[in-house]
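> FYI, this note's numbering numbers position 25 of the sequence shown as 1258, with every residue one higher than the one before it. Yeah, the Cβ is synthetic: ideal placement off N, Cα and C, and Gly gets one too. Okay, here's the structure, questions in a sec.
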Amino acid sequence: MSLLSKAEIQKGISDLDGWEYVDGSIKKTFSFDTYMDSISFINLLAKKAEIENHHPDMYVGWCKINITFTSHDQGGVTAACINMAKQADSIL
């Protein structure tokens, strides 16, 4: 899978709420009512990531999860990153 241009990335995330293109990756912070809600979200996203074989970097805070998608193999954002961002949003 090839890298997307900055314009393709911006177009891909334009309909997604809260996603940003930063330093060769797309990122979003998800907020939850409880810590356990955030952990449930991580578990659901991890299952989707395994199916797609495209895994995010996830940072857990108090009722917040920072998600970053990039292709480590390609060195930037691919269509798989955009797809997984959509899947992350669909969990909510």
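Check whether the Cβ of residue 1262 lies closer than 7 Å to any heavy atom of the ligand GTP, and answer yes or no.
Looking at this structure, you won't find the ligand GTP or any other ligand, since it has none at all.
> Pick helix, strand or coil for residue 1317, following the three-state DSSP scheme.
Of the three classes helix, strand and coil, the one that applies to residue 1317 here is helix, per DSSP.
> How many whole angstroms separate the CB atoms of residue 1262 and residue 1299, which I take to be in contact at a CB cut-off of 8 Å?
5 Å
> Indicate the three-state DSSP secondary structure (helix, strand or coil) for residue 1245 in the structure shown.
helix
> Going by CA-CA distance only, name the one from 1256, 1258, 1275 that's closest to residue 1265.
1275
> Within 10 Å of its beta-carbon, does residue 1252 have 16 or more other beta-carbons around it, so buried, or fewer, so exposed?
buried
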